[in-house]
Amino acid sequence: MRILYSSRLPHSILICYKTNIVKTTTGNSPSSRSSIKGLHTIPPQGHYNLVASYTMASIPNERTEPLYQKDGQLYKHSSTVTTVQALSDFPQDVQGLFKPPPDAKPYILTTPSTIFHAQGGGQPSDTGTIKSAASTFHVHQVRKIDPAILHMGVFDGSDAKFETGNAPAEQAIDVDKRVLHSRLHTAGHVIGLAINGLVKAGKLPSDIVDGKASHYPSAAFVEFAGLIPGTAKADIQAKVDELVADDLDVKIHFWTEERARSDCTGVLESFKSDEDGVRVVEFGDVGSYPCGGTHVLTLKECGRVVIRGIKRQKGISKVSYEVNDA
Numbered sequence: 035m036r037i038l039y040s041s042r043l044p045h046s047i048l049i050c051y052k053t054n055i056v057k058t059t060t061g062n063s064p065s066s067r068s069s070i071k072g073l074h075t076i077p078p079q080g081h082y083n084l085v086a087s088y089t090m091a092s093i094p095n096e097r098t099e100p101l102y103q104k105d106g107q108l109y110k111h112s113s114t115v116t117t118v119q120a121l122s123d124f125p126q127d128v129q130g131l132f133k134p135p136p137d138a139k140p141y142i143l144t145t146p147s148t149i150f151h152a153q154g155g156g157q158p159s160d161t162g163t164i165k166s167a168a169s170t171f172h173v174h175q176v177r178k179i180d181p182a183i184l185h186m187g188v189f190d191g192s193d194a195k196f197e198t199g200n201a202p203a204e205q206a207i208d209v210d211k212r213v214l215h216s217r218l219h220t221a222g223h224v225i226g227l228a229i230n231g232l233v234k235a236g237k238l239p240s241d242i243v244d245g246k247a248s249h250y251p252s253a254a255f256v257e258f259a260g261l262i263p264g265t266a267k268a269d270i271q272a273k274v275d276e277l278v279a280d281d282l283d284v285k286i287h288f289w290t291e292e293r294a295r296s297d298c299t300g301v302l303e304s305f306k307s308d309e310d311g312v313r314v315v316e317f318g319d320v321g322s323y324p325c326g327g328t329h330v331l332t333l334k335e336c337g338r339v340v341i342r343g344i345k346r347q348k349g350i351s352k353v354s355y356e357v358n359d360a
């Protein structure tokens, strides 16, 4: 977007979403028509002697490698910084993805690779720091807009910025928060495996199908199409306890879309394949799910997975849960 102020246009300000504006005049004089969409006249704002131009920041188009998808236990990483831009310079739809802190100017920082999990798939984003020799950037929220991963946060000091290019920057995530998110995410899939196991055993209705999930602390749940009776809570808890006690290995794979649709449990139509294939999390030989989140290495690391309740509404069953220390 370009905003132009001029003393030659005392009664209007022109806003244009392209780089060129056709000739115009003000008042009752005829004006030539613009063929450019987004040309608007704003009520008088006073006289301006300076012509100023403001261009919205473009979304970075360089791919960020999501290291957390291949190693969920990588908590520190050295990289460089690709771009640094004020959040306010981005289009409103991008700004709306973030909840910036109210007491500091937020920036968007991108890197060639990152250990920060981007919010999505029911899992919150990581938080932490990215440090250079001169400054520290506190990461508050992370979102992915293909192909880039955007880190939103604030700098120490009002004018601090990173240099882009070859200068090293040290990434560090909040480990306790990551571990909790991983425990919750793995536990959500364990509940799915338990319920699917009970369906196969004839202990739950055969029309139960995996749905969406949330793995947020204090708000974790897994949804299923179909009605799970409240009386099944004890059976589900017992099956979950059995799977956790077996301490199954949790493995990450990248499969073809064909194999993922054929072999995975609870395949949703919306899952995506990228240049590495479909990312799959597999639990021993019990089952697997397409998944982009972070996970523990074995099921005992989840701790105690507690089924809090089962709610049913409009043909959907919501199983809420939490994880506690074993």
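According to the working numbering, the sequence shown is numbered sequentially starting from 35.
From the three backbone atoms N, C-alpha and C, an ideal C-beta is built for every residue, glycine too.
Discussion item. On the criterion of 16 or more Cβ atoms from any shown chain inside 10 Å, does Pro202 qualify as buried, or is it exposed?
Written reply: The count along the sequence shown starts at 1 and reaches residue 202 at position 168. With fewer than 16 Cβ atoms within 10 Å of its Cβ, Pro202 is classed as exposed.
Worksheet item: Residue range of the beta strand (DSSP E) that Leu227 falls in?
Response: In the sequence shown, counting from the first residue as 1, residue 227 sits at position 193. Leu227 -> not in any beta strand (DSSP E); alpha helix (DSSP H) instead, spanning Val209 to Lys234.
Worksheet item: Under a three-way DSSP split, which group does Tyr109 fall into?
Response: In the sequence shown, residue 109 corresponds to position 75, counting from 1. Three-state result, Tyr109: coil.
Item to complete: Please state whether DSSP places Asp308 in a helix, a strand or coil.
Response: Here residue 308 refers to the residue found at position 274 when the sequence shown is read from its first residue. Reduced to three states, the DSSP call for Asp308 is strand.
Discussion item. Considering only DSSP beta bridges, list what Tyr323 is partnered with.
Written reply: For this step, residue 323 is matched to residue 289 along the sequence shown. BP columns for Tyr323 point to Val315.
Worksheet item: Candidates Pro263, Asp308, Lys211 and Ile179: which alpha carbon is nearest Thr144's?
Response: Taking the first residue of the sequence shown as position 1, residue 144 is located at position 110. Per the Cα distances, Ile179.
Item to complete: Just the C-alpha distance for Val56 and Pro125, rounded to the nearest angstrom, thanks.
Response: Sequence index remark: in the sequence shown, residue 56 carries index 22 (1-based). Sequence index remark: in the sequence shown, residue 125 carries index 91 (1-based). With a pLDDT of 35 at Val56, under the threshold of 50, the modelled position of this residue cannot be trusted, and the question is left open.
Discussion item. I'd like the span of the beta strand (DSSP E) that includes Leu184, first residue to last.
Written reply: To locate residue 184, count along the sequence shown from 1; it is residue 150. Here the beta strand (DSSP E) through Leu184 covers Ala182 to Phe189.
Practice prompt. Give the straight-line distance between the Cα atoms of Ile149 and Ser307, rounded to the nearest whole angstrom.
Written response: As a first step, residue 149 is located in the sequence shown; it is residue number 115 there, counting from the start. As a first step, residue 307 is located in the sequence shown; it is residue number 273 there, counting from the start. Take the alpha-carbon of Ile149 and the one of Ser307: they are about 20 Å apart.
Discussion item. Threshold first: 3 residues or longer. Then list the beta strand (DSSP E) segments lying entirely within the region 238-305, N to C.
Written reply: Within the region 238-305, the complete beta strand (DSSP E) runs of at least 3 residues fall at 243-248, 254-259 and 284-289.
Worksheet item: Are the beta-carbon atoms of Glu316 and Val284 separated by less than 9 Å?
Response: Against the sequence shown, residue 316 aligns to sequence position 282. Against the sequence shown, residue 284 aligns to sequence position 250. In terms of Cβ geometry, Glu316 and Val284 form a close pair [threshold 9 Å].
Worksheet item: If you compare alpha carbons, which of Gly191, Gly300, Gly162 and Ala91 is closest to Ala228?
Response: Here residue 228 corresponds to residue number 194 of the sequence shown, with the count starting at 1. When each option's Cα is compared against that of Ala228, the closest is Gly300.
Worksheet entry | CA nearest to the CA of Pro94, picked from Leu131, Pro146, Pro135 and Pro134 | Your numbering for residue 94 matches position 60 in the sequence shown. The shortest C-alpha separation from Pro94 is found at Pro146.
Fill in: Bridge partners - Ile142, DSSP secondary structure assignment
Here residue 142 is taken as the residue at index 108 of the sequence shown, counted from 1. According to DSSP, Ile142 bridges with Gln119 and Met186.
Worksheet item: How far does the alpha helix (DSSP H) with Gln175 in it reach, from first residue to last?
Response: Position 141 of the sequence shown, counting from 1, holds the residue named residue 175. Where Gln175 is concerned, there is no enclosing alpha helix (DSSP H), although the beta strand (DSSP E) it sits in stretches over Thr170 to Ile179.
Worksheet item: In this structure, what does DSSP give as the bridge partners for Tyr31?
Response: Outside the displayed range of the chain (35 to 360) lies residue 31, so it cannot be described from this structure.
Worksheet item: Helix, strand or coil for Gln153 per DSSP?
Response: For the purposes of this step, residue 153 is taken as residue 119 along the sequence shown, with counting starting at 1. In this structure, Gln153 counts as coil in the three-state DSSP scheme.
Item to complete: Could you tell me which residues DSSP pairs with Arg346 in its beta bridges?
Response: Here the question's residue 346 lines up with position 312 in the sequence shown. According to DSSP, which records beta bridges pairwise, Arg346 is partnered with Ser351.
Worksheet item: Is the beta carbon of Ala152 sitting closer than 9 Å to the one on Arg177?
Response: Translated into positions along the sequence shown, residue 152 becomes position 118. Translated into positions along the sequence shown, residue 177 becomes position 143. Cβ atoms of Ala152 and Arg177: closer than 9 Å.
Item to complete: Please go through the same chain and pick out, in chain order, the residues whose beta-carbon is closer than 6 Å to the beta-carbon of Glu257, but skip the five residues on each side of it.
Response: Looking up residue 257 in the sequence shown gives position 223. Excluding positions up to five away in sequence, the list reads Gly245, Lys246, Ile350 and Lys352.
Item to complete: With Val128 as the anchor, note down where its alpha helix (DSSP H) starts and where it stops.
Response: In the sequence shown, counting from the first residue as 1, residue 128 sits at position 94. Gln126 to Gln129 is the span of the alpha helix (DSSP H), which, as asked, contains Val128.
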